[in-house]
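Enquirer: Going line by line, the protein sequences match chains G, A, E and D.
Numbering of the first sequence is given in this note's numbering, commencing with residue 55 and proceeding in unit increments.
Numbering of the second sequence is given in this note's numbering, commencing with residue 220 and proceeding in unit increments.
Numbering of the third sequence is given in this note's numbering, commencing with residue -6 and proceeding in unit increments.
Numbering of the fourth sequence is given in this note's numbering, commencing with residue 903 and proceeding in unit increments.
Below is a structure I'd like to ask you about.
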Amino acid sequence: MSIPAEAGLYTQAVDDDKLTVSIGPQHPGAGHFRFTITVEGDTIVDAVPDPGYVHRGAEKQTEYRNYLQSIPMLERSSLTDVTNIIMPYSMAAEELMGIEIPPRAKYLRMIMSENQRILSHLYWMAIQGIFLGHSTSFMWPMGDREMFIDLGQILGGARVTYSFAIPGGVRNDLPEEFKGRAIKTFNHFERRLVDYERIFYNNPLFLKRTQGVGVLPRKEAISLGVVGQTLRASNVKSDVRIDEPYNFYKEMDFEVPSFDTCDTWARCMVHLIEMRQSMKIMRQCLDKMPSGPVRAKLSPQQRTIVGEAYTRIEAARGAMSFHIISDGSTKPYRVKISVPSMRNLIALPRLLIGSHVADMPAIYWSLDYWPVEADK
Amino acid sequence: MAAITNFEDFAKRILKIVFWLLIILPMVILPLFYIFYVLPIEISCNFNVLNCSQKIDWSLALYMFDPTKMNPLDPTSYISQLGLGATSPLFKVSTFPGLTFAALLSSMVIWYERKLLAKMQYRVGPLYAGRIEGILQSFADLFKLLFKEIVIPAKADALFFISVPFALMAASGALLAVIPISPTNYIALSPYSLLIAIAILGFFPIITVLAGWASSNKFSFIGGIRALYQMISYEIPLIISVLSVVILAGGSLDLMGIVNAQSKIWFIIPALLAAIVFYLTAMAEVERIPFDIPEADSELVAGWLTEYTSMVFGVINLAIYIKLYALSSLFTLLFLGGWQGPAPIPALAWFLIKTLIVMTIFIIPRGFNPRVRLDQLIGLGWLWLIGLSFANVFIAVILRASGLL
Amino acid sequence: MSAPPAKTELRQEEKAILEALSSKLGSRITVAYSKPNRIKIIVSPIDLIEVATCARDDLHFDQCANVTGTDFPKDKQIEVTYHLGSIEGAGLRRIILAIACRVPSATPELPSLIEVYPSVNYHEREQAEMLGLVFKGHPNLSRFLLPEDWNDIPPMLKAYRLPGRLEGE
Amino acid sequence: MTNIISGTFKAFVAGVRQLPKRRMTMRYPDAQIDLKGYYTYDPKLGVAKAGYKGRHILWLDKCTGCQLCSIACENISQAIEMVKVNRAQPNNKKSIFPQVDYAKCVFCGLCVDACPFYALGMTQDFNLVSTTKKALVYPPEKLAIPPNVTRTKVEFKIEPDDAFHD
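Take a look at the structure:
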């Protein structure tokens, strides 16, 4: 039976050897995201990602709000990484408004940003654990996340969405009890990370499941434009904090991990090492922080110059950049968010094709893909 | 099922639940009766096993009644022994060493597992049901599941789909029938009880494939096929590992005999390799993490269990836990000397303590291990476990031939 | 406090890029602005692939970080900006080179850069559906983020108003 | 091979070592964490004082009915509406006060930052659950009542080896 092409319908030949399985959006392994895989035996021969289930038009909505009012809305795109998604936005807005924020505010932003990085990585680690069937590795990071959520709560006044790094600086100064609590938390968590290594990262079954799985060679990683942990695991020592230092990262002493195995294991290890480095940065920030104001006076209806700004920072998942075009009014003319999740998504079909079905969740989550962030 | 708005609906729903309960009970018990009463009479043949110069008399292969008092060709001699007392076969099958006991134990083991894992995982686990640390959580779950709607997918093969929980329950229950739990507490005695237990284990892959296929769901199907792969490739090392125990026990296929043969030394010492192989393969048989590949929840939703809801799902889970209990007791009987132990503690208590320890060892890997991959699992099975179990067979033969044991 | 950021001099790398661009392509490019770490050039759609190839092969900008499409209804044009980044180029990691080209709103067609930069794949797909652009040579410009039943003009065009929002609000 | 055995054993030990430790879980409906301090904004300094951003508190005598909080909320969640209250107050001629709809509020606290008269703050009260949507609309009189926590208060303690609620 042939169907005329004008009807908009098409037929597809059915291959009995292949099975097309839709993973998501109700699948526990995919969240608000769907991809269809075609399997032949235990091998994936085709993978087609299909994002967009949580597209809310954040870019369009910013055009209706002034620079301050977009903050709570933009935060909700990336709930584990709220400070890092609004920080480049605030930086771009400040560039367009022509103001410089006080140094103490920059330090506070760094503290919040690194705290968010740990929160995001712990969340990542939890899901990676459950994707590999390791339920303890789900519960432990989720429990220890509470300590860092509490740190964020002391500083930002909320548990998830702080609206902290607004254009002009930060909302409030550091409370007194923060430092003692933070040092306690770091001391405790550094010990916990050793436990994590024992139970998860050095577990032979974990090594078996991740080593040599989903290899993305250095050259391909660069040409595909992946960012963050995916790039660093592919033997590229690239981090916006080093490449184009913003805030005071130039003065901080920390190292950027990279591995030459380019596989899922390397991506997991990068996350682990980055959590240690984040705590190191936060300790330094707390010691070096100067006193002074934390917020530049700024009217909510602050006008901007005509022009454009492109800012980028190293968010928890990789380089996050904002391109804001302004026509001089109180509202941005065009905001384009280039999120790390979307940039890493391009590696997903490349890594899935040719791998085992059982490796699919491990590879998928090792890219640290956050559907809400990618869909904006 | 629609929401309850009036008494009529309520009565209908209760009737439906009672109906399903009535179906479940005979579907579990009838196969048991069929296997253990009818089959032994019909099949009657002789052949050699392991060249042990034993003649198998299948009419005596498995008996729950006193063989001296009954005539195999006269059904009335069975009926005359039926009763409801604590020594009657019906009570044995349904209550004490049988299904109810195993189900209660399993439900407590479910609670114990959840609590243990919670403690390992930095949580508190079940807390509210039953006042004391959520000890009645399993029963709360049971009642919740009972009041859920049974959903049969539109394109599923309804007959096979719904027969899976009964088949699983029957197979798990049949496994219990041949396992004695103390010298006096047993359902059926047989000179070949180990052989029968292994034969029953062979049913499970078929049932899981049936479940996967009948669900008419891609995830279920992949899960069913994975279960088939896993169980078939792990059955061979399982059988070979048991073989060394049989050799050590002097060719006895009777679990009672095997336990009695361990009065001097527990077989876990001469047959350590076999014990490890049995432990790993049994873990794969009951699909526990790290071998829960057929129901890998991150990639296959719930594997072959995906489409099952309500008490149907509950029955499947209960059957799996009964299977876990049966395999743990097999481990105790084969390697840990069964009910043997110092006097003040009774034999039954020894057996239960040992079984609970074995179950804990079965449960604990879930707390610190991720899932392995199918190809790794099958590679492990065919490359290592078969080799190890054969090595232990040779050790057993040498020990036996040199007269050390 | 709200002093304007201090004017910093362009460093050697930026100057080298500007020189290389002007020597290679001459009058075909216009430099829109050059700030520290940021350079934007404007090219015509016909030259886009050539300029991008030049940026990749001669200037070592080896990946595309972002594609922005902006609607300018007053000029009846749509501007597409490719933000190129570099990993391998020495000292270039901090620099973002933006290549912009403007196409008329009536016929928003421009060549796709997917042959030059594989990383533009999803960025171009997203901008194509958000602004109704047609990237010639792109293998798959099907629906990406918008719902399957989207039946309106592309949403990032200025002519599209969010439902429930009044004009000028 | 030794790697596999030692790695598995270490993982096992790391898991079992958790068994006797104190739990991090807080039994919320019975107990709740003790949060201190309100989130308030100082318009003279242009900076806020850190505190938990829970439900609002309105100091009625300071409110002038200028609607700045409502305007600040306009494009964020439109949760604040100015309502008339029967209350004679010299600095509030129109006698209108903010009313917050907690079904809409996102707890960003930007309304507090917008108030130039020290009239609005945010309290540590996060127990806002209700069975009706109507009960989530807090009129000015209700906003003026300081929160009162009756549950057992617990504290989160972090020790080098242990982190638990007590």
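Each residue gets a CB set at the ideal place from its N, CA and C atoms; glycine is no exception.
Predicted model only: the values in this text are computed from it and were never measured.
Using a Cβ cut-off of 8 Å, which residues of the stretch 586 to 597 of chain A contact any Cβ in chain G, in chain order?
Expert: Cβ contacts with chain G: G586, F587, N588, P589, R590, V591, R592, L593, D594, Q595.
Enquirer: What does V496 (chain A) reach in chain D if we use C-beta pairs closer than 9 Å?
Expert: Neighbours of V496 (chain A) on chain D: none; closest Cβ ~15 Å, over 9 Å.
Enquirer: Between G600 (chain A) and the rest of its own chain, which residues show a CB-CB distance below 7 Å, the 5 nearest in sequence each way excluded?
Expert: So the qualifying residues of the chain are S452, Y453, P456.
Enquirer: Do you know how far the Cα of K338 (chain A) is from the Cα of D923 (chain D)?
Expert: First, the residue type needs correcting, since residue 923 (chain D) is Lys and not Asp in the sequence shown. Cα-Cα distance, rounded: 8 Å.
Enquirer: Please list, in chain order, the chain A residues whose beta carbon lies closer than 9 Å to that of R321 (chain G).
Expert: Result: empty, since nearest Cβ-Cβ is about 15 Å, beyond 9 Å.
Enquirer: Look up P271 (chain G) in the DSSP assignment and say whether it is helix, strand or coil.
Expert: Coil.
Enquirer: Is it buried or exposed, K430 (chain G), if we count other Cβ atoms within 10 angstroms and call 16 or more buried?
Expert: Per the 10 Å Cβ criterion, buried.
Enquirer: Listing by chain order, which chain B residues have their CB less than 9 Å from the CB of R342 (chain A)?
Expert: Considering every chain present, this structure includes no chain B. Its protein chains are G, A, E and D.
Enquirer: Helix, strand or coil: how does DSSP classify M151 (chain G) here?
Expert: Correct three-state label for M151 (chain G): helix.
Enquirer: Given this structure, state the Cα-to-Cα distance separating I434 (chain G) from R371 (chain G), to the nearest angstrom.
Expert: Because chain G in this structure spans residues 55 to 430, residue 434 (chain G) falls outside the shown range and cannot be described.
Enquirer: Name the residue from D:A933, D:T927, D:K938 whose alpha carbon lies nearest to the alpha carbon of E231 (chain G).
Expert: Answer by Cα proximity: D:K938.
Enquirer: Touching or not, the stretch 457 to 474 of chain A and the stretch 423 to 433 of chain A, by the rule of three or more beta carbon pairs under 8 Å?
Expert: Segments in contact, no.
Enquirer: Would Y954 (chain D) pass as a contact of Y941 (chain D) if the rule is Cβ separation under 8 Å?
Expert: For Y954 (chain D) and Y941 (chain D), yes; Cβs fall inside 8 Å.
Enquirer: Would you identify the three-state DSSP class for V1031 (chain D), choosing helix, strand or coil?
Expert: Coil.
Enquirer: Going by alpha carbons, who is nearest to T239 (chain G) out of G:S420, G:M374, G:M201?
Expert: For the residues G:S420, G:M374, G:M201, the minimum Cα distance to T239 (chain G) belongs to G:M201.
Enquirer: For the candidate residues A:P399, A:I583, A:F570, whose alpha-carbon lies nearest to that of K311 (chain A)?
Expert: Looking at the Cα atoms, A:P399 is the closest of the given residues.
Enquirer: What are the partner residues of S27 (chain E), as DSSP defines its beta bridges?
Expert: Bridge partners of S27 (chain E): E:I32.
Enquirer: List, in order along the chain, the chain G residues whose C-beta lies closer than 9 Å to that of D511 (chain A)?
Expert: Within 9 Å Cβ-Cβ: G187.
Enquirer: Between which two residues does the alpha helix (DSSP H) containing M858 (chain D) stretch?
Expert: What is shown of chain D runs 903 to 1068, which leaves residue 858 (chain D) out entirely.
Enquirer: When the Cβ atoms of the stretch 537 to 550 of chain A are set against those of the stretch 397 to 417 of chain A, are three or more pairs found closer than 8 Å?
Expert: With the cut-off at 8 Å, the stretch 537 to 550 of chain A and the stretch 397 to 417 of chain A touch.
Enquirer: Beta-carbon separation of I441 (chain A) and L519 (chain A) under 8 Å?
Expert: The answer is yes: Cβ separation under 8 Å.
Enquirer: Would you grab the beta carbon distance between E108 (chain E) and V60 (chain E) for me? Rounded to a whole angstrom, and I think it's under 8 Å.
Expert: Wrong, their Cβ atoms sit about 15 Å apart, outside the cutoff.
Enquirer: Looking at chain A, is there any beta carbon in it that lies within less than 8 Å of the beta carbon of L921 (chain D)?
Expert: Cβ-Cβ to chain A under 8 Å: yes for L921 (chain D).
Enquirer: Taking DSSP as the reference, what is the three-state secondary structure of V1014 (chain D)?
Expert: V1014 (chain D) falls in the helix class under three-state DSSP.
Enquirer: Assuming the contact rule is C-beta atoms closer than 8 Å, V577 (chain A) and P509 (chain A) should be a hit. Round their C-beta distance to whole Å, please.
Expert: So it is not a contact: roughly 17 Å between Cβ atoms.
Enquirer: If we count the other Cβ atoms within 10 Å of its Cβ and call it buried at 16 or more, is N257 (chain G) buried or exposed?
Expert: Buried, by the Cβ-count rule.
Enquirer: Would you please verify whether the beta carbon of A515 (chain A) is less than 8 Å from any beta carbon of chain G?
Expert: Cβ-Cβ to chain G under 8 Å: yes for A515 (chain A).
Enquirer: Under 8 Å, do I495 (chain A) and L607 (chain A) count as touching if we go by C-beta distance?
Expert: Closer than 8 Å, so yes.
Enquirer: Over what stretch of residues does the alpha helix (DSSP H) that includes E328 (chain G) continue unbroken?
Expert: Start and end: 318 to 342.
Enquirer: Closer than 8 Å, CB to CB, is Y954 (chain D) near chain G or not?
Expert: Interface residue, yes.
Enquirer: I need the DSSP call for Q355 (chain G), collapsed to helix, strand or coil.
Expert: Coil, per DSSP.
Enquirer: If I'm right that L139 (chain E) touches H109 (chain G) with Cβ under 8 Å, what's the distance once you round it to whole angstroms?
Expert: The Cβ separation is near 7 Å, so the contact holds.
Enquirer: Quick test of your reading: I359 (chain G) and L133 (chain G), contact by CB under 8 Å. State the CB separation rounded to the nearest angstrom.
Expert: With a Cβ gap of about 32 Å, I359 (chain G) and L133 (chain G) do not count as contacting.
Enquirer: Using alpha carbons as the reference points, say which of G:G211, G:M306, G:A146, G:N241 lies closest to D1027 (chain D).
Expert: Of the listed residues, the one whose Cα sits closest to D1027 (chain D) is G:G211.
Enquirer: Verify whether the separation of the beta carbon atoms of P372 (chain A) and S435 (chain A) is less than 8 Å.
Expert: Cβ atoms of P372 (chain A) and S435 (chain A): closer than 8 Å.
Enquirer: Does the beta carbon of S217 (chain G) come closer than 8 Å to any beta carbon on chain D?
Expert: Answer yes: the Cβ-Cβ gap between S217 (chain G) and chain D drops below 8 Å somewhere.
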